[in-house]
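K.L.:
Heads up: the sequence shown is residues 3 to 364, going by the UniProt record's numbering.
All residues carry an ideal CB built from backbone N, CA and C; glycine is no exception.
Given the structure is predicted, the values throughout are model-derived calculations rather than measurements.
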Amino acid sequence: DAHKILVLAGDGIGPEVMREVARIVQWLSAHRGLKLEIKEELVGASSLAVHGVPIRDEVIELAKQSDAVFFGSVGDPAWSHVAFDKRPEVAILKLRKELELFANLRPAQLFDALLDASALKPEVVRGLDIMIVRETVGGIYFGEPRGIETLPDGSKKGINTEVYTTSEIERVARVAFDLARKRDNRVCSVEKSNVMESGLLWKEVITDLHKRDYADVQLTHMLADNCAMQLVRDPKQFDVIVTGNLFGDLLSDLASMLTGSLGMLPSATLGVERADGKRNALYEPIHGSAPDIAGKGIANPLAQILSFAMLLRYSLNRSEDAELIEKAVSNVLTSGLRTADIMSDGMARVGTEMMGQSVLRE
Ligand code: NAI
Ligand code: MG
Numbered sequence: 003d004a005h006k007i008l009v010l011a012g013d014g015i016g017p018e019v020m021r022e023v024a025r026i027v028q029w030l031s032a033h034r035g036l037k038l039e040i041k042e043e044l045v046g047a048s049s050l051a052v053h054g055v056p057i058r059d060e061v062i063e064l065a066k067q068s069d070a071v072f073f074g075s076v077g078d079p080a081w082s083h084v085a086f087d088k089r090p091e092v093a094i095l096k097l098r099k100e101l102e103l104f105a106n107l108r109p110a111q112l113f114d115a116l117l118d119a120s121a122l123k124p125e126v127v128r129g130l131d132i133m134i135v136r137e138t139v140g141g142i143y144f145g146e147p148r149g150i151e152t153l154p155d156g157s158k159k160g161i162n163t164e165v166y167t168t169s170e171i172e173r174v175a176r177v178a179f180d181l182a183r184k185r186d187n188r189v190c191s192v193e194k195s196n197v198m199e200s201g202l203l204w205k206e207v208i209t210d211l212h213k214r215d216y217a218d219v220q221l222t223h224m225l226a227d228n229c230a231m232q233l234v235r236d237p238k239q240f241d242v243i244v245t246g247n248l249f250g251d252l253l254s255d256l257a258s259m260l261t262g263s264l265g266m267l268p269s270a271t272l273g274v275e276r277a278d279g280k281r282n283a284l285y286e287p288i289h290g291s292a293p294d295i296a297g298k299g300i301a302n303p304l305a306q307i308l309s310f311a312m313l314l315r316y317s318l319n320r321s322e323d324a325e326l327i328e329k330a331v332s333n334v335l336t337s338g339l340r341t342a343d344i345m346s347d348g349m350a351r352v353g354t355e356m357m358g359q360s361v362l363r364e
């Protein structure tokens with residue numbers, strides 16, 4: 003049976019880098035027996051222009067019925083002055099919420115050929131391959147009470163509350179443990195149990211779950227401030243890191259810069275298991291629509307291409323095809339081809355299409 007994929011290219015460089023993935027999909031279909039039933043829809047500014055909304059309800063429904071959503075990026079300066087619910091970015095926020103995409107997977111993996119792009123010393127990052135799992139629908143960004151209150155003396159107080167329940171912690175921890183089993187079998191759980199009750203519960207729940215169902219995986223605990231330091235001092239000590247929404251936001255952005263360019267970084271967001279036994283999932287590069295370079299044919303398509311590799315691995319169970327793509331990307335980089343964002347001395351500068359074609363040839 004064909005896998006149902008919803009493709010949402012979005013705005014700016016989204017459609018440009020998506021085109022390069024389309025060629026790879028065609029090749030996999032012709033040579034590797036990949037069967038996809040692909041639907042394409044408008045989201046973001048491109049949907050606003052035609053339908054007056056950043057994402058239509060029908061598109062959300064389609065997303066819920068798909069095996070995976072393959073997302074480009076949304077955002078357009080022309081729509082940045084409008085009311086919040088008319089912003090292009092609402093499309094991705096709505097998808098995350100409606101599909102209950104609670105676990106964000108952010109790999110930080112360094113291709114040998116890009117060693118010079120990292121801000122850190124080569125010996126610290128050579129061969130780096132870590133995965134950060136961030137809880138995305140709970141925690142302090144959503145907890146109640148919240149708001150800004152006026153005090154009797156006329157001054158104000160701003161309130162946010164971190165709330166985590168046993169089930170919210172367990173489901174994201176399961177994702178992390180399951181991933182670890184397919185990798186180096188190690189999980190580091192990160193919180194601030196020294197000063198936060200939600201962090202204390204986080205640590206307890208993960209410790210219990212580990213004992214019950216994942217005793218074969220090595221589990222360690224680390225305080226979030228120490229983790230930030232350790233990620234820069236010696237990132238290779240980690241395999242899978244699992245953490246809450248706030249700390250995950252910061253630590254995943256930090257980790258992404260260990261490897262250099264925004265144009266290289268894929269991501270996956272996994273949701274709840276559905277009645278049909280499948281799991282909602284969305285794959286996208288971490289970069290945005292890059293309006294400053296849109297339409298110039300110079301965007302790096304590798305983050306979008308590597309996001310498709312993640313889709314193959316995690317939603318379609320096609321690890322071999324994923325590895326084929328990752329190896330092709332690695333070979334192209336080793337051969338010296340670079341888009342502008344990862345350019346360095348002595349390398350050959352290419353545009354979006356040439357980079358995509360080169361991956362395909364590999
Ligand atoms: P951005 O990621 O679009 O761009 C930041 C910088 O990195 C720019 O200089 C851009 O040219 C460069 N860059 C990004 N991707 C690149 C690629 N593939 N190849 C070469 N260079 C690349 O972030 P920015 O500028 O903060 O946001 C632009 C728009 O994108 C905004 O409307 C923002 O809200 C939206 N955005 C959307 C996201 C999504 O769809 N999930 C994520 C992040 C931002
Ligand atoms: Mg962030």
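Would you kindly work out how many angstroms separate the C-alpha atoms of alanine 296 and proline 303, rounded to a whole number?
P.N.:
Rounded to whole angstroms, alanine 296 to proline 303 spans 12 Å at the Cα level.
K.L.:
Quick one, are the C-beta atoms of leucine 308 and glutamate 328 less than 8 Å apart?
P.N.:
The answer is yes: Cβ separation under 8 Å.
K.L.:
By DSSP's criteria, asparagine 106 is part of a beta bridge. Which residues make up the other side?
P.N.:
For asparagine 106, which the question treats as bridged, DSSP gives the partners Arg136, Thr271.
K.L.:
Can you name, in chain order, every residue of its own chain whose Cβ lies under 8 Å from the Cβ of lysine 205, other than the five neighbours on each side?
P.N.:
Here the set comprises Ser191, Glu193, Ser195, His223.
K.L.:
By DSSP's criteria, threonine 222 is part of a beta bridge. Which residues make up the other side?
P.N.:
Answer is Cys190.
K.L.:
Who are isoleucine 62's beta bridge partners in DSSP?
P.N.:
Note: isoleucine 62 sits in no beta bridge, so no partner.
K.L.:
Under the three-state reduction of DSSP, which class applies to glycine 265: helix, strand or coil?
P.N.:
Residue state, collapsed to three classes: helix.
K.L.:
Run the CB neighbour count on valine 52, radius 10 Å, all protein chains shown included, and call it buried at 16 or more, exposed below.
P.N.:
So valine 52 ends up on the exposed side.
K.L.:
Does the beta-carbon of valine 19, which I'm using as the reference point, lie nearer than 7 Å to any heavy atom of ligand 1?
P.N.:
Within the cutoff, so yes.
K.L.:
Buried or exposed for leucine 260, going by 16 or more other Cβ atoms inside 10 Å?
P.N.:
With 16 or more other Cβ atoms within 10 Å, it is buried.
K.L.:
Sort Pro154, Leu335, Gly290, Ala311 by Cα distance to isoleucine 15 and report the nearest one.
P.N.:
It is Gly290 whose Cα lies nearest to the Cα of isoleucine 15.
K.L.:
What do you reckon, is the C-beta of histidine 223 under 7 Å from a heavy atom of ligand 1?
P.N.:
Every heavy atom of ligand 1 is 7 Å or more from the Cβ of histidine 223, so no.
K.L.:
Ligand 1 and glutamate 63: does the residue's C-beta get closer than 7 Å to at least one heavy atom of that ligand?
P.N.:
Result no, Cβ not under 7 Å from ligand 1.
K.L.:
Isoleucine 288: which of Thr271, Ala277, Pro79 sits nearest, CA to CA?
P.N.:
Closest option to isoleucine 288, Cα to Cα, is Thr271.
K.L.:
Work out the CA separation of aspartate 69 and serine 317 for me, nearest whole Å.
P.N.:
Cα-Cα distance, rounded: 7 Å.
K.L.:
Taking the alpha carbon of threonine 245 as the reference point, which residue from Gly35, Ala119, Ala105 has its own alpha carbon closest?
P.N.:
For threonine 245, the nearest C-alpha among the options comes from Ala105.
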